[in-house]
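For the sequence shown, position 158 (counting from the first letter as 1) is numbered 158 according to the UniProt record's numbering, and the numbering increases by one without interruption.
C-beta: ideal position from N, C-alpha, C; glycine also.
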Amino acid sequence: RIWTYVRDDRNAGSSEPPAVWFAYSPDRQGKHPVQHLRPFRGILQADAFSGYDRLFSAEREGGALTEVACWAHARRKIHDVYISSKSTTAEEALKRISELYAIEDEIRGLPESERLAARQQRSKALLTSLHEWMVEKNGTLSKKSRLGEAFSYVLNQWDALCYYSDDGLAEADNNTAERALRAVCLGKKNYM
Numbered sequence: 001r002i003w004t005y006v007r008d009d010r011n012a013g014s015s016e017p018p019a020v021w022f023a024y025s026p027d028r029q030g031k032h033p034v035q036h037l038r039p040f041r042g043i044l045q046a047d048a049f050s051g052y053d054r055l056f057s058a059e060r061e062g063g064a065l066t067e068v069a070c071w072a073h074a075r076r077k078i079h080d081v082y083i084s085s086k087s088t089t090a091e092e093a094l095k096r097i098s099e100l101y102a103i104e105d106e107i108r109g110l111p112e113s114e115r116l117a118a119r120q121q122r123s124k125a126l127l128t129s130l131h132e133w134m135v136e137k138n139g140t141l142s143k144k145s146r147l148g149e150a151f152s153y154v155l156n157q158w159d160a161l162c163y164y165s166d167d168g169l170a171e172a173d174n175n176t177a178e179r180a181l182r183a184v185c186l187g188k189k190n191y192m
């Protein structure tokens, strides 16, 4: 298992060079990121892997990290349902999420303060509307259906998914880390 940790503030107008750290472990147990991130303080953006839960706990040595979820992971779950079923509800959810990403595309590279202002003025209202709509729709879906599971995932991660709207430095997703890891995966495939 390769763990990928990235710091890249260029999307918020920083000229600081990005940094990527890869760590190997023989398995995907939560004890590994706990060890890797022992001295770290700040935010951790990741999927909803339960192995990270101890990092977000107040009992963590040095205090809890701030949990930031990934809209790309959330969107992918809904997208997979749409591809297999052409559900109009999934399609509407994807349309609403794409509106959030359109704002992110517009503000990429702007200073942190301008990104925060745009998110406060534009993204917050879209997030509120999306949440209300998803709660309403989720009430009509079977919890065991793929779309019900996808909506439940989003709603269970809601606060962490919305963190970026209150922080001009944070990203809506962790695609930067995913792209960094892709190079390792391609290399592994080509070298073996």
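Taking T176 as the reference, which of Q45, R28, P39 has the closest Cα? Q45
D27 versus G51: straight-line alpha-carbon distance, rounded: 11 Å
Backbone secondary structure at Q45 - three-state DSSP: Taken through DSSP and simplified to helix, strand or coil, Q45 comes out as strand.
What is the residue span of the alpha helix (DSSP H) that F40 lies within? Neither: F40 is in no alpha helix (DSSP H) and is coded neither H nor E.
Which whole-angstrom value is the C-beta distance of A48 and Q157, which I expect to be below 8 Å? 6 Å
According to DSSP, is E67 helix, strand or coil? strand
Quick test of your reading: A12 and L141, contact by CB under 8 Å. State the CB separation rounded to the nearest angstrom. In fact, because the Cβ distance is near 36 Å, the residues do not count as touching under 8 Å.
So, under 8 Å CB-CB, A172 and W71 are touching, yes? Tell me the CB distance rounded to an integer number of Å. Between A172 and W71, the beta carbon gap of about 5 Å places them in contact (Cβ cut-off 8 Å).
How would you write the range of the alpha helix (DSSP H) that T140 sits in, first residue to last? T140 -> no alpha helix (DSSP H), and no H or E assigned at all.
Beta-carbon contacts of F151 that lie in its chain and below 7 Å, excluding the five residues immediately before and after: M134, K137, N138, L141
Write down every uninterrupted run of the alpha helix (DSSP H) in the region 110 to 135 whose length is 4 residues or greater and which is fully enclosed by it, in chain order. 112 to 118
Can you say whether S87 is buried or exposed, counting buried as having 16 or more other CB atoms within 10 angstroms of its CB? By the 10 Å Cβ count, S87 comes out buried.
Would you be able to state if there are at least three C-beta pairs under 8 Å between the region 88 to 100 and the region 3 to 11? no
How is the alpha helix (DSSP H) around A19 delimited, first residue to last? Per DSSP, A19 belongs to no alpha helix (DSSP H); it is in the beta strand (DSSP E), 19 to 24.
Flag this pair as yes or no: are the beta carbons of R10 and G30 separated by less than 9 Å? For the pair R10 and G30, the CB atoms are not nearer than the 9 Å cut-off.
Buried or exposed by the 16-neighbour rule on C-beta atoms within 10 Å, applied to S57: exposed
Would you mind reading off the limits of the beta strand (DSSP E) that contains R96? Premise fails: R96 lies in the alpha helix (DSSP H), 88 to 107, not in any beta strand (DSSP E).
Looking only at C-alpha atoms, which of P39, G109, A160 sits nearest to E16? G109
Between T128, N190, T66, H73, which lies nearest to D167 when the distance is taken from Cα to Cα? Check the Cα spacing between D167 and each of T128, N190, T66, H73: the tightest is with T66.
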